[in-house]
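Student: For the sequence shown, my numbering gives the first residue as 69, with consecutive numbering after it. The structure's right below; bear with me while I get my questions together.
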Amino acid sequence: GNLSMVTKVSSVQLEDNSLSNLAETALQNAVVGPLMPQLLACWQRDREAVECEERTQKCVRKLQNLTQLEIGIPEQYQSLTNYSAAVKTLRKLDLCTLPSELISSLLASAKSLYRTVTLEQTRKLPPGHLFTDSAPVALSADDFLPIHIYVTLQAQLKSPEFHCQLMWELCDPSFVCGEAGYYLTVFN
69 GNLSMVTKVS
79 SVQLEDNSLS
89 NLAETALQNA
99 VVGPLMPQLL
109 ACWQRDREAV
119 ECEERTQKCV
129 RKLQNLTQLE
139 IGIPEQYQSL
149 TNYSAAVKTL
159 RKLDLCTLPS
169 ELISSLLASA
179 KSLYRTVTLE
189 QTRKLPPGHL
199 FTDSAPVALS
209 ADDFLPIHIY
219 VTLQAQLKSP
229 EFHCQLMWEL
239 CDPSFVCGEA
249 GYYLTVFN
């Protein structure tokens with residue numbers, strides 16, 4: 069409703085993307101931040117939303133003890149660290165108060181996941197093979213998805229459905245396009 073309209077005001081395309089990010093964050097701090105307790109209360113009164121969150125939590129509890137192999141992570145991408153850095157980063161969603169912070173945390177988790185894959189793949193390279201940090205391992209969507217599912221299950225987020233709704237409904241539409249939109253869709 070009205071909050072979605074507020075975010076549309078900030079969707080004016082600015083020359084400098086970082087300036088646009090600052091404007092979005094300032095708008096969210098000024099408008100969305102003070103309304104978060106009311107938004108959460110509305111969410112908690114919505115029976116359908118509460119039931120959806122409960123079903124999600126039930127699925128997480130049921131699946132969180134599956135191994136990486138059981139989740140479908142290809143053997144070459146199974147992590148010795150259980151993607152702990154990406155899990156830790158994704159858990160920060162529960163600490164975020166603004167939709168833009170949620171998106172940033174989600175992107176940081178995806179990047180951490182890629183860093184883990186890259187670091188662990190480089191350890192498997194033969195001696196003398198040159199590798200640079202500028203050449204991360206490329207994952208197909210079919211390889212990324214089960215890893216992301218595993219990370220999400222291990223993060224045991226308190227309100228993943230609420231987080232998704234906040235990101236989809238209250239972020240500037242230009243922020244949920246491209247890379248951020250892809251990761252948000254996968255998270256959803």
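Idealized CB from N, CA, C, for every residue including glycine.
Looking at Y218: is its Cβ nearer than 8 Å to the Cβ of I141?
Tutor: The sequence position of residue 218 within the sequence shown is 150, counting from 1. The sequence position of residue 141 within the sequence shown is 73, counting from 1. Their beta carbons are under 8 Å apart, which means Y218 touches I141 by this criterion.
Student: Smallest Cα separation from A248: which of P167, E229 and A98?
Tutor: Walking along the sequence shown from the start, residue 248 turns up at place 180. Looking at the Cα atoms, P167 is the closest of the given residues.
Student: Among Q96, C110 and V155, whose alpha-carbon lies nearest the alpha-carbon of L175?
Tutor: Along the sequence shown, read from residue 1 onward, the residue named residue 175 stands at position 107. Residue V155 is the option with its Cα nearest to L175.
Student: Out of Q146, V100, K160 and I139, which one is the CA nearest neighbour of L225?
Tutor: The sequence position of residue 225 within the sequence shown is 157, counting from 1. Of the listed residues, the one whose Cα sits closest to L225 is K160.
Student: Just tell me which of S227, Y182 and S172 has its CA closest to the CA of V205.
Tutor: Your numbering for residue 205 matches position 137 in the sequence shown. Looking at the Cα atoms, Y182 is the closest of the given residues.
Student: What is the DSSP secondary structure of A178, counted as helix, strand or coil?
Tutor: Your numbering for residue 178 matches position 110 in the sequence shown. Helix.
Student: Return the first residue and the last residue of the alpha helix (DSSP H) that K192 is part of.
Tutor: Along the sequence shown, read from residue 1 onward, the residue named residue 192 stands at position 124. It is not in any alpha helix (DSSP H) - K192 carries neither H nor E in the DSSP assignment.
Student: Mind listing, in chain order, the continuous alpha helix (DSSP H) runs of no fewer than 4 residues lying wholly within the segment 215-248?
Tutor: 228-238, all fully within the segment 215-248.
Student: Quick one: grab the DSSP three-state call for Q125.
Tutor: On the sequence shown, residue 125 is found 57 positions in, with the first residue counted as 1. Note: Q125 maps to helix in three-state DSSP.
Student: Would you call the segment 226-235 and the segment 106-121 touching, i.e. three or more CB-CB distances under 8 Å?
Tutor: Touching, yes, given that three or more Cβ pairs across the two stretches are closer than 8 Å.
Student: Is it right to say T165 is buried, meaning 16 or more other beta carbons lie within 10 angstroms of its own, or is it exposed?
Tutor: Within the sequence shown, residue 165 is the residue found at index 97, counting from 1. Classification of T165: exposed, given that the 10 Å Cβ count is below 16.
Student: Distance check for T253 and C239, CA to CA, integer angstroms please.
Tutor: The residue you call residue 239 lines up with position 171 of the sequence shown. The residue you call residue 253 lines up with position 185 of the sequence shown. One C-alpha to the other measures close to 14 Å.
Student: Look at the alpha carbon of C127 and the alpha carbon of D162, and state the distance between them as a whole number of angstroms.
Tutor: Here residue 127 refers to the residue found at position 59 of the sequence shown. Here residue 162 refers to the residue found at position 94 of the sequence shown. For C127 and D162, the distance between alpha carbons rounds to 18 Å.
Student: Between L234 and L170, how many whole angstroms is the CB-CB distance? I'm expecting something under 8 Å.
Tutor: The count along the sequence shown starts at 1 and reaches residue 234 at position 166. The count along the sequence shown starts at 1 and reaches residue 170 at position 102. Between L170 and L234 the Cβ distance is about 6 Å, and since that is below 8 Å, they are a contact.
Student: How big is the Cα-Cα spacing for L87 and E143?
Tutor: The residue labelled residue 87 in the question sits at position 19 within the sequence shown. The residue labelled residue 143 in the question sits at position 75 within the sequence shown. The alpha-carbon atoms of L87 and E143 are separated by roughly 42 Å.
Student: What does the alpha-carbon distance come out to for the pair V99 and Q106?
Tutor: Position 31 of the sequence shown, counted from the first residue, corresponds to residue 99. Position 38 of the sequence shown, counted from the first residue, corresponds to residue 106. Taking the straight line from one Cα to the other gives about 12 Å.
Student: Just the Cα atoms here: how many angstroms apart are F255 and E121?
Tutor: Residue 255 sits at position 187 when you count from the first residue of the sequence shown. Residue 121 sits at position 53 when you count from the first residue of the sequence shown. Each residue's Cα considered, the two are about 14 Å apart.
Student: May I ask which residues mark the beginning and end of the alpha helix (DSSP H) holding C110?
Tutor: In the sequence shown, residue 110 corresponds to position 42, counting from 1. G101 to R113 is the span of the alpha helix (DSSP H), which, as asked, contains C110.
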